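Asker: If you scroll down you'll find the structure; I have some questions about it.
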Amino acid sequence: MELLEQYLQFKQEADQGENKKNKTKKEKDPMKPKQPVSAFFLFSNERRAALLAENKNVLEVAKIAGEEWKNMTEKQKGPYEKIAKKNKEKYMQEMEAYKQNKDEEAMNLKKEEEELMKFQKQEALQLLKKKEKTENIIKKTKEQRQKKQQQNVDPNKPKKPASSFLLFSKETRQSLVHENPGINSSTLTAMISVKWKELNQEEKQIWNCKAAEAMGAYKKELEEYNKSVAAAT
């Protein structure tokens, strides 16, 4: 039965080409050496054609070949075993070369990936340097523009007055610092904001009026300043 099963397996492999369209096969590496058949398969393949010519069916061919092989002497099996051994040695050599090539391919692939990662890292560093350089240029340009603007500011030009909240903040800050020695800046700012929100409309109106008076005086001063600048030019 074991020989019969081996033969049927061999027959199935031989007929795979005909049934390829109807079966889903796992994709195999075409470069991988094909495993050689045993001495019995060599004998069965040789006998198969003759037995089929005698109108024997597959099962009969397998049974007859198996019985014949079982009854053959070692001397009769010798040629088939010699060929099978030679084929196996050749297969082992081819597999060794195949594995070596696969190892080399894997090594080369790993090397390429490492080089790619190295290149990407270098490229990323270059981009980072360019970004830092651009940011430094923008920062320097902004500082130069601000410095130029400060240099061009006329010290005689009236300064814009503070808003109602800033006026309130300035006065309230002094009292809070006096009442809370050692208070930090963030806490102080928060307390001023809270006190401003707690003011009613009438209380806020006082500060709004002060800011409005300061703004009115500023506009008059600015108008006089602009006239003097125009007269000078």
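Numbering-wise (UniProt numbering), the sequence shown opens with residue 1 and increments by one. Glycine is no exception: its CB is placed at the ideal position from the N, C-alpha and C atoms. If you're wondering where the values come from, they're calculated on a predicted model, not measured in any experiment.
1. Taking its Cβ as the centre, do 16 or more other Cβ atoms sit within 10 Å of residue 48, making it buried, or is it exposed?
2. Just checking residue 170 against the ligand SAH - is the residue's beta carbon closer than 7 Å to any of the ligand's heavy atoms?
3. Looking at residue 84 and residue 39, is the spacing between their C-beta atoms short of 8 Å?
4. Please report the distance separating the alpha-carbon of residue 218 from that of residue 169.
5. Put residue 79 into one of helix, strand or coil per three-state DSSP.
6. To the nearest angstrom, how far is it from the Cα of residue 185 to the Cα of residue 162?
7. By the three-class DSSP mapping on this structure, what secondary structure does residue 87 have?
8. Roughly how far, in whole angstroms, is the beta-carbon of residue 225 from the beta-carbon of residue 158, given that I think they are within contact range, below 8 Å?
9. What does a CB cutoff of less than 7 Å around residue 80 pick up in its chain, not counting 5 residues either side in sequence?
10. Specify the secondary structure class of residue 73 as computed by DSSP and reduced to three states.
Answerer: Looking at the atomic coordinates:
1. As a working note, residue 48 is residue 48 in the sequence shown. With 16 or more Cβ atoms within 10 Å of its Cβ, residue 48 is classed as buried.
2. Only the bare structure without any ligand can be found here, which leaves the ligand SAH out of the picture.
3. Residue 39 sits at position 39 when you count from the first residue of the sequence shown. Residue 84 sits at position 84 when you count from the first residue of the sequence shown. Closer than 8 Å, so yes.
4. In the sequence shown, the residue the question calls residue 218 occupies position 218. In the sequence shown, the residue the question calls residue 169 occupies position 169. The C-alpha of residue 218 lies about 20 Å from the C-alpha of residue 169.
5. On the sequence shown, residue 79 is found 79 positions in, with the first residue counted as 1. Residue 79 falls in the helix class under three-state DSSP.
6. In the sequence shown, the residue the question calls residue 185 occupies position 185. In the sequence shown, the residue the question calls residue 162 occupies position 162. Each residue's Cα considered, the two are about 20 Å apart.
7. One-based indexing of the sequence shown puts residue 87 at position 87. Residue state, collapsed to three classes: helix.
8. What you label residue 225 is simply residue 225 of the sequence shown in a count that begins at 1. What you label residue 158 is simply residue 158 of the sequence shown in a count that begins at 1. Between residue 158 and residue 225 the Cβ distance is about 6 Å, and since that is below 8 Å, they are a contact.
9. Reading the sequence shown from its first residue, position 80 is the one you call residue 80. Only 39, 42 and 43 meet the Cβ criterion.
10. Looking up residue 73 in the sequence shown gives position 73. Of the three classes helix, strand and coil, the one that applies to residue 73 here is coil, per DSSP.
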